[in-house]
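Reviewing the structure listed below.
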Amino acid sequence: MTANRWNDIQKNIQELTGKEFGVRSLKERIQLLVDKFRQKVEHDEYKSGIEEEVTEMDDLLHQIILLIDEVLNQKKTKSSSYQRGLEKREQAMENITKEGNQIGPLFGVGPNLLEPPEEDKEYIQVIIEDEQDMQTEMQSVNKENNFVRPIEPETPRISIGIGRGNGRRVANRGRSGGSTPSRLKRTGIKQTSMKFLETKNERWFETRRRELDLEERRFEFDMEERRRNLAINEARLDLEQK
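Residue numbers (the UniProt record's numbering): 1 to 242.
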């Protein structure tokens with residue numbers, strides 16, 4: 001989607017100037033204009049009592065800067081929320097593993113008793129790979145932030161060109177749909193899958209707890225039975241000796 005927008009900008013500039021520029025050159029040129037405009041704004045802040053004339057270029061660059069800041073803030077928020085989710089998930093897994101290692105040796109079993117069932121291992125692997133893909137995507141987004149991105153999917157798309165022959169400015173406004181249906185569907189499926197997996201793991205862990213409790217009661221019953229048999233045998237021997 002971003003590449004298509006840059007192609008639209010490239011086409012409009014070519015129609016306006018008659019010259020063909022590469023997308024990378026356009027990005028660098030816009031970045032240079034934005035940097036100079038920021039410096040100009042900072043310089044004007046120190047002036048007092050002087051009213052500077054605001055040109056159309058200044059107005060456009062100001063809008064571009066607002067869009068850039070908005071997109072960067074959204075990316076930072078998304079990255080921060082995703083990182084917090086990973087930390088909570090890792091902490092939960094560490095707690096489960098730690099508790100399992102403490103409970104298992106009490107009943108003569110290893111920590112393998114608390115491993116996920118075999119049928120869940122492939123499902124968990126899919127979740128892990130999906131998280132790795134998301135991390136790769138976030139790294140790619142951070143690299144793209146080095147370039148100016150004046151229009152993002154969350155904002156209206158505006159392409160400005162000049163009609164040939166009459167010199168009239170033509171503004172084409174389009175509306176972006178935000179997240180694509182496939183992306184939304186994937187996000188919904190992922191959230192549902194994670195919730196299902198968490199619920200299933202909780203039930204599975206509770207079942208293991210009950211099994212361990214049952215084993216403990218069975219062990220106590222066997223020991224009590226052995227003590228009773230031993231007492232009976234001792235009483236029988238005493239009677240035979242008398």
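Glycine included, each C-beta is placed from N, C-alpha and C at the ideal position.
Under a Cβ-count criterion, where at least 16 other Cβ atoms within 10 Å of its own Cβ denotes burial, should residue i be classed as buried or exposed?
i	result
Leu214	exposed
Ile232	exposed
Arg84	exposed
Arg5	buried
Leu86	exposed
Leu239	exposed
Lys61	Before going on, a small fix: residue 61 reads as Leu here, not Lys. Result: buried.
Ile151	Low confidence applies here, because Ile151 scores a pLDDT of 44, under 50, leaving its location unreliable and the question unanswered by this model.
Asn172	In this prediction, Asn172 has a pLDDT of 47, which is less than 50 and means its spatial position is unreliable; what the coordinates show is noted afterwards. So Asn172 ends up on the exposed side.
Express the C-alpha separation of residue j and residue i in angstroms, rounding to a whole number.
i	j	result
Ile13	Lys19	8 Å
Glu42	Lys88	42 Å
Asn229	Phe221	12 Å
Leu207	Met223	A small fix is needed here, since residue 207 is Thr in this sequence, not Leu. Thr207 and Met223: Cα-Cα distance of roughly 24 Å.
Leu237	Thr199	57 Å
Glu15	Glu90	54 Å
Lys11	Lys76	31 Å
Arg218	Arg209	14 Å
Lys40	Gln63	15 Å
Gln241	Ala235	10 Å
Asp69	Val23	21 Å
Leu66	Asp44	18 Å
residue 243	Asn201	Residue 243 cannot be examined here, being either before or after the span of the chain that is shown, 1 to 242.
Ile9	Leu72	21 Å
Lys27	Phe21	10 Å
Gly161	Gln74	Bear in mind that a pLDDT of 44 at Gly161, under 50, signals an unreliable position, so the number given afterwards is only what the model happens to contain. In a straight line, the C-alpha of Gly161 is about 29 Å away from that of Gln74.
Phe37	Thr192	46 Å
Thr17	Glu53	26 Å
Trp204	Ser25	57 Å
Arg7	Arg29	Before going further, note that residue 7 is Asn rather than Arg in the sequence given. Between Asn7 and Arg29, the C-alpha separation is close to 15 Å.
Leu197	Glu216	28 Å
Legend entry - Stretch-stretch touch, CB-based, cutoff 8 Å, three pairs: the region 29 to 40 with the region 53 to 68: Counting Cβ pairs under 8 Å, three or more are found: they touch.
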